[in-house]
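Engineer:
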Amino acid sequence: MEIFIITLVGGLCTGVLYGLVGLGFMAIYNASKVINFSQGALAMMGGFTGYLLVFNGKLPAVLGIVLVAAIPMVCALGIGRFLAEPLVRRNVPPTTIMLATLGGALILEGVIGLYTNFSWFKTSLVFGARPVVWGMIRISPQYAAILIATAVLCISYWFLLNKTKMGLKIRAVGTGPYMAALLGIKLTRMRMLAWCISAGITGIAGFLIAPLMLSSALMGLPVVVNGFIAAIIGGFGKPMAAILGGIVLGLMIQFFTGYISSGFGEVLVFIALILVLAFRPQGIIGELE
Amino acid sequence: MSEKGFNYKDRARVVVVVCFIFLIALLFPLFSSPQVMNLAILGLIGAILTLGLNVFFGYCGQINFGAAGFFALGGYGVALLEEYLKIPFIISLPLAVIFSGIVVSLVSLFLVRLRGHSLALGTLAFSLAVYTSVARGFKNVTGGEDGINLKPLLLFDGSPVGEWFFYYLALATVVACCWLSWTLRKSRVGRAMTEIAQNELAALSFGVNISKYLRLGLILNSLMAGVAGGIFVKWIGWISPEYFGLMPNIIIVLALVVGGVGSIAGAVVGGIFIYILPQLMIRFAEISVLTYGVILCLSLLFLPRGIVGEIFNLYYTHRTKLNVSQSEGE
Amino acid sequence: MSLLRIDSVYKNFGGLQALFDVSMNLEEGSISALIGPNGSGKTTLFNVITKIIPHDSGEIFFAGERIDQLPAYLIPARGIARTFQIVSLFRESLVWENVASGAFSKTRAGILSILFRIPRMRAEERRIKERTMEIIRYLGIEQLAERPAGMLPFGQQRLVELGRALISEPNMVLLDEPFSGLNPHESEILQEKVLEIRNQGITVLFVEHEMKTVMKLADRITVLNFGQKIAEGSPDEIRNNPQVIEVYLGKETEIV
């Protein structure tokens, strides 16, 4: 039973990480129609910033959190502004823009890798090791923090996008760029805002999961693949659905690798992707176009 | 008089240049040291890989992030056949290629329901699945991360085959793949593929079964990548998952982008360049990821048609200007 | 003899009824026009006939055979070719390659016969090239044959599209607003071509807004409004049909 709980919580937590990456990914796609392959690298930047400042630099966690969100934002701005936007303006095919974000991801990972020698970030648990007890369930405070943070981030994102004027403008730019431009909304500025929000969320997610996963400079790509799949499973086009999809994916992987076999986790992921795309391409709560 | 496109003068020039290059390639081993030969072989293998990708990415217009997975199928095919069934290279190579083709033929049934980014993602997921299966899942069979050693290829008298053999084998394969790509491109099937890339709806409206031709493109990609894999592992004498991980997939795409997507010469140039690069710089391993990222970004931003594509473009523009000024002078 | 028979076709797009109980009958060798205000379902009907989009219910017969269950890529082989409202050429391919692409459904060379350079395949490829140049000469765009199609002026792009549709020797061509965007001179040339096509035995169904052209060319006119057929008949009948007049004039007063 103990193992079950651990697997469940572990799956839940890795799942919401993928979900948050997927959310950020979908946020950028909705705003600018760009498939951002550097989303995982942004998570890695969050993890790395945390590793550098909080675990090694002994910075207080509160300040650390701010930087953990801010540094990925800067990176996202760089990639969005100097790689994606110029290509979007040139009307290149979407595959090219996708490759450009991949290039951005490689640059980020390359720089960090150079600094860390591509070895694992040594992190420790931020919130201590005393398990939080809740009825029959005892979980490590890191897991609790992850779940709480995810909830907070999701609610904040939802609020930002749906209840603020800024969010309205971002949605306008995403759904009707010509109209938005006619209304005087600055397209690039709003898109970059979306990139920043996405990067902040993803960075924090990366920071939170770093102690639990083997994190290194190169973790970005597998993470973005799983984040993308989480978004598809949940429902492509809906950022919130990515959290749901991520949970499904995380639980699936954790239970499979835990109970059945640890060598074929990625095969499961691949099969899951194919099944979803073949039989329910709109995901769990998405809608067919 | 056509303004863009070949006329007989261009055709003659191309033939001359190609023959010249081919002659150099044939005589190359005569004045090269073993180290240079090794570089050349690796470069040629890279060219084969990139040519394979060109059929899918260059003609059909879809990105394949799983080319290294196909490479792995060919490589492990050869290695496992030799290790467990003692099959000699001359037989195991074609078998491994067929194996690669069959696997992809099945997997592609599902993959081609996807397009664009979903397809790119699907191929990447496939490649990761292959990688982890080989590295962890089937560890007992494939030797996992430690890999498998292959015996060196021997001549009849028992002495090991020299690098010249692998060089000419790789060269012959490059030539064959170039010929295959060129014939394909000029044919009805090749036209159908490029039509899919340009306007799916119109292609469909004029009889092109899109799934079928995307599958064909993927299978051709896997056949070429499979050969590259087979030759590679026999030459290196060793196989391990590190050659087929995430980065190798990206590197193949990068090679084609740098050389010129859709161009056979571009695929060869890009493939050779990208695969020789690591050998040219000492301590390359550390900065490799960063270098690849920078090269990719610079290519996309400043050389959208790739090295070869931009050169051709300059040539055509120059010639069009000449034509215009000539006809104005008349 | 009836060539195309459309029986009670319905198509709904997430709440919008694009086609409602549409039935039509096209006589072989005729030139028919499909007219109606914007959004009345004309292009949707074309897309349903060619199976680009699935329909909800109803049946479509071509030359006596049921075609509405076929996948889109098998329609051209039955003898139906089309042009598009928004020019849909393969912009990077050369003009001759665009025209040749229309022959795809009637040719057979597969990957193996191509790789082994079987004589039959090479003969077929030669035949394709010959026929392509025939069509290109017929349309008067010979000097453009080696240009990338995307670089052509609009009017000539429309001709290339027509060439692509004609090369497969179809039994019927569907022309979606072929005259839109053409100047009067280009329009006249195209009108002649349409008549010549019909005289070669090809049945024509075209969508058009310009009433003068419609009245001049069409043997029979079908009028759609909001996805429903509201009238059908000879040009004279349609010209005097009160419902049709209301649909068109009523719209104009709204705009004014």
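Top line first, the protein sequences correspond to chains A, B and C. Per our numbering, the first sequence runs over residues 1 to 289. Per our numbering, the second sequence runs over residues 1 to 330. Per our numbering, the third sequence runs over residues 1 to 256. Backbone N, C-alpha and C fix where the C-beta goes; we use that ideal spot for every residue, glycine too. No experiment lies behind these values; they were computed from the predicted model shown.
1) Determine, using beta carbons only, whether Leu277 of chain A comes closer than 7 Å to chain B.
2) Who pairs with Val262 of chain C in a beta bridge, going by DSSP?
3) Between the region 307-317 of chain B and the region 265-277 of chain B, do three or more beta carbon pairs fall short of 8 Å?
4) For Arg113 of chain B, collect the residues of the same chain with a Cβ closer than 8 Å to its Cβ; drop the 5 residues on either side in sequence, then sort them by chain order.
5) Is Phe89 of chain B near the ligand GTP, in the sense that its beta carbon is under 6 Å from a heavy atom of that ligand?
6) Do Glu210 of chain C and Phe179 of chain C come within 7 Å of each other at the CB atom, strictly closer than that value?
7) Starting from Trp238 of chain B, follow its DSSP beta bridges and name the residues at the other end.
8) At which residues does the alpha helix (DSSP H) containing Ser32 of chain A begin and terminate?
9) Leaving aside the five residues before and after Gly181 of chain C along the sequence, list all residues of the same chain whose C-beta is less than 7 Å from its C-beta, in chain order.
10) Check whether the Cβ atoms of Val87 of chain C and Gln157 of chain C sit closer than 7 Å, and answer yes or no.
11) According to DSSP, is Glu27 of chain C helix, strand or coil?
12) If you follow the alpha helix (DSSP H) that Gly74 of chain B is in, where does it begin and where does it stop?
13) Where does the unbroken alpha helix (DSSP H) through Gln228 of chain C begin, and where does it stop?
14) Determine the extent of the beta strand (DSSP E) in which Ile221 of chain C is found, giving its start and end residues.
15) Please state whether DSSP places Thr175 of chain A in a helix, a strand or coil.
16) Put Ala33 of chain C into one of helix, strand or coil per three-state DSSP.
17) Under a three-way DSSP split, which group does Leu303 of chain B fall into?
18) Please state the DSSP three-state secondary structure of Asp236 of chain C.
19) Where in the region 148-210 of chain C do unbroken runs of the alpha helix (DSSP H), each at least 4 residues long, occur, reported from the N-terminal end onward?
20) Which residues of chain C have a Cβ atom closer than 9 Å to the Cβ of Gln279 of chain B, listed in chain order?
21) Would Ala25 of chain B and Leu180 of chain B be called neighbours here (beta carbons separated by less than 7 Å)?
22) If we count the other Cβ atoms within 10 Å of its Cβ and call it buried at 16 or more, is Gly36 of chain C buried or exposed?
23) When Cβ atoms are compared, which residues of the region 216-247 of chain C fall closer than 9 Å to chain B?
24) Give me the DSSP bridge partner(s) of Ala197 of chain B.
25) Relative to the C-alpha of Tyr131 of chain B, which residue among B:Leu85, B:Ile231, B:Ala68 is closest?
26) Just to make sure I have the definition right: I need the residues of chain A whose C-beta is within less than 8 Å of the C-beta of Thr132 of chain B. Which are they?
27) Should the region 199-215 of chain B be called in touch with the region 115-133 of chain C, which here means at least 3 C-beta pairs below 8 Å?
28) Per DSSP, which one or two residues make a beta bridge with Ile60 of chain C?
29) What residues from the region 279-305 of chain B come within 9 Å of chain A, judged by C-beta to C-beta, listed N to C?
30) Between Ile201 of chain A and the rest of its own chain, which residues show a CB-CB distance below 7 Å, the 5 nearest in sequence each way excluded?
31) Nearest CA to the CA of Tyr213 of chain B: which residue from B:Gly237, B:Leu184, B:Leu121, B:Phe166?
32) Starting from the beta carbon of Cys21 of chain A, find every residue of chain B whose beta carbon is closer than 7 Å, and list them in chain order.
33) Per DSSP, what are the beta-bridge partners of Ala81 of chain C in this structure?
34) Counting only beta-carbon atoms, is Arg280 of chain A nearer than 7 Å to chain B?
35) On the three-pair Cβ rule with 8 Å, is the region 242-259 of chain A touching the region 30-41 of chain A?
36) Which two residues bound the contiguous alpha helix (DSSP H) that contains Ile209 of chain A?
Structural biologist: Well, looking at it:
1) yes
2) Past the edges of chain C, shown from 1 to 256, lies residue 262 of chain C, and the structure says nothing about it.
3) yes
4) Ser211
5) The ligand GTP is not part of this structure, which contains no ligands at all.
6) yes
7) B:Asn149
8) 2-32
9) Phe154
10) yes
11) strand
12) 67-85
13) That residue, Gln228 of chain C, is in no alpha helix (DSSP H); its beta strand (DSSP E) goes 228-233.
14) 220-225
15) helix
16) strand
17) coil
18) helix
19) 154-166, 184-199
20) Within 9 Å Cβ-Cβ: nothing; Gln279 of chain B doesn't reach chain C, min ~34 Å.
21) no
22) buried
23) none
24) In the DSSP output, where bridge partners are listed per residue, Ala197 of chain B has none listed.
25) B:Ala68
26) Gly263, Phe264, Gly265, Glu266, Val267
27) no
28) C:Ile6
29) Ala285, Glu286, Ile287, Ser288, Val289, Leu290, Thr291, Tyr292, Gly293, Val294, Ile295, Leu296, Cys297, Leu298, Ser299, Leu300, Leu301, Pro304
30) Leu20, Leu23, Gly24, Leu153, Tyr157
31) B:Leu184
32) Note that residue 21 of chain A is Val in the sequence shown, not Cys. Per Cβ cutoff of 7 Å: no residues; Val21 of chain A is ~13 Å from chain B at best.
33) C:Val173
34) no
35) no
36) 187-209
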